[in-house]
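As numbered in our numbering, residues 234 to 553 make up the sequence shown, in order.
Even for Gly, the Cβ is constructed at its ideal location relative to N, Cα and C.
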Amino acid sequence: MHAIVIDRPGGPEVLSWREVPDPRPERGEIIIDVTASAVNRADLLQRQGFYDPPPGTPPYPGLECSGVVSETGPDVIGFTPGDRVCALLAGGGYAERVAVPWQQVMRVPERVDLVDAAGLPEVACTVWSNVFMTARLRKGETLLVHGGASGIGTFAIQLAKAFGSRVAVTAGSPEKIARCLELGADEGVDYRREDFAEKIQADVILDIIGGRYLPQNVKALKTGGRIVVIGMQGGSKGELDLGALLVKRASVHGTTLRARPVDEKGVIVRGVVENVWPLADAGVIRPVVHARVPMSEAARAHEIMESGEHVGKVILTNAP
């Protein structure tokens, strides 16, 4: 098969489409003929040499994919060759085939295109596990999403609204805020011009920035609020006012998804299938796709992501 190989840490130019060994299914694994994958921030970090894949994971980037089951190993439950699926991966999605534990595989919702479905697993599992399982967002509460125009942000807006919550976002331009409002957000703040903590009070904050936003996040919390930090684009260290946290009876959670054990990922995946997929089948939520790029041109897709001009997901496709 072919896959995107990282020759050395560096810019998009270090990505090359080369012939590599085909995967073979181990016990409990499924082989997926990959129709498409999607670009995530973690892929850029891996390319730069800052985020190595977990031990035993393929060295190729790609944290999600869609495609068709071509082969199953022993002890696989619920899937057979020919099934249209998408999957949460620890790596290896930028390829023509990938092996993945069956617990991390989901059938594609009927109303979602197979190529666009590649942009669902990472955002759906991230939003469901953090906003609903960890922070327990409830109907009528306010969710603040940093990076509302990102893949995660565009999905979080739709899912929170579907569950009856109010949604505020931060984004870097009036155009991006407008797109977020079209998806259902109730309020948007241009972080380049305004201090979100002066305008928004939230019950739950989904934060991709990290250290730099920590003081403002605490300030923006309502009493009993919950912050979930899932990224560190603004640094890994910040000043935490414990007094303010105590007065508000608030909490800060830090989580990752990629390195979790298969069984933990399986719990999240089952939660997505049970609670999120029916909304996709009903057309209430959908993947927001900025661009489709041939898998062999992954360098161009990384350039799009790094430009910061995209809204939603950048898809890498093997489809003709």
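Rounded distance between the beta-carbons of residue j and residue i, thought under 8 Å
i      : j      : result
Val400 : Asp428 : Not quite, the Cβ-Cβ distance comes to about 19 Å (not below 8 Å), so this is no contact.
Ile548 : Ala269 : 5 Å
Ala531 : Leu248 : 5 Å
Val564 : Val462 : Any question about residue 564 goes unanswered here, given that the chain covers just 234 to 553.
Ala393 : Ala430 : Contact doesn't hold; Cβ gap of about 20 Å is too wide.
Top-ranked residue by Cα proximity to residue i, from the options
i      : options                           : result
Ile438 : Leu479, Arg251 and Leu377         : Leu377
Cys298 : Val402, Leu370, Met339 and Ala411 : Met339
Gly504 : Gln466, Pro287 and Val364         : Val364
Gly315 : Leu322, Gly306 and Val301         : Val301
Pro254 : Tyr424, Asp240, His379 and Pro291 : Pro291
Val348 : Pro527, Arg533 and Glu536         : Pro527
Ala534 : Ala453, Glu415 and Glu246         : Glu246
Ala435 : Ser529, Val402 and Pro286         : Val402
Glu536 : Glu408, Asn450, Ala477 and Asn273 : Asn273
Asn551 : Met234, Val238, Val267 and Ala350 : Val267
Ser540 : Leu277, Glu415 and Gln391         : Leu277
Gly545 : Pro342, Arg344 and Glu415         : Glu415
Ala404 : Val422, Gln391, Arg344 and Ala395 : Val422
Gly417 : Ser406, Phe396 and Trp335         : Phe396
Ala513 : Arg344, His235, Pro286 and Pro287 : Arg344
Pro286 : Leu370, Leu322, Met234 and Glu497 : Leu322
Distance, residue j Cα to residue i Cα
i      : j      : result
Ala275 : Lys372 : 31 Å
Pro258 : Ile264 : 6 Å
Gly443 : Thr375 : 20 Å
Gly499 : Gln337 : 6 Å
Gln279 : Gly457 : 36 Å
Gly464 : Phe312 : 33 Å
Ala368 : Ala389 : 13 Å
Glu252 : Asp240 : 13 Å
Gly244 : Leu479 : 43 Å
Gly289 : Arg412 : 39 Å
Pro256 : Arg317 : 19 Å
Met366 : Val509 : 13 Å
Gly306 : Ala524 : 34 Å
Ser362 : Glu507 : 13 Å
Trp250 : Pro448 : 43 Å
Tyr424 : His235 : 41 Å
Leu370 : Ser529 : 40 Å
Glu497 : Arg445 : 30 Å
Lys409 : Ala320 : 28 Å
Ala350 : Val451 : 35 Å
Lys455 : Gln391 : 22 Å
Ser303 : Trp335 : 13 Å
Lys481 : Gln466 : 26 Å
Met538 : Ala271 : 11 Å
Cβ-based burial, residue i [other Cβ within 10 Å; buried from 16]
i      : result
Lys432 : exposed
Phe283 : exposed
His543 : buried
Asp308 : exposed
Glu262 : buried
Asp440 : buried
Val333 : buried
Gly468 : exposed
Ser398 : buried
His379 : buried
Arg330 : buried
Pro281 : It is worth fixing the name first, because residue 281 is Gln in this sequence and not Pro. So Gln281 ends up on the exposed side.
Gly516 : exposed
Ile237 : buried
Ala477 : exposed
Ile310 : exposed
Pro342 : buried
Pro494 : exposed
Pro242 : exposed
Pro407 : exposed
Inset, instruction - Please confirm if the region 483 to 491 is in contact with the region 354 to 363, defined as three or more CB-CB distances below 8 Å between the two stretches. - result: With the cut-off at 8 Å, the region 483 to 491 and the region 354 to 363 touch.
Inset, instruction - Evaluate the contact criterion for the region 343 to 354 versus the region 285 to 301: three or more CB pairs, one atom per stretch, below 8 Å. - result: yes
Inset, instruction - Please determine if the region 462 to 476 and the region 321 to 329 are in contact, where contact requires at least 3 C-beta pairs separated by less than 8 Å. - result: No contact exists between the region 462 to 476 and the region 321 to 329.
Legend entry - Cβ pair count under 8 Å reaching 3, the region 518 to 530 against the region 377 to 390: Yes, they touch.
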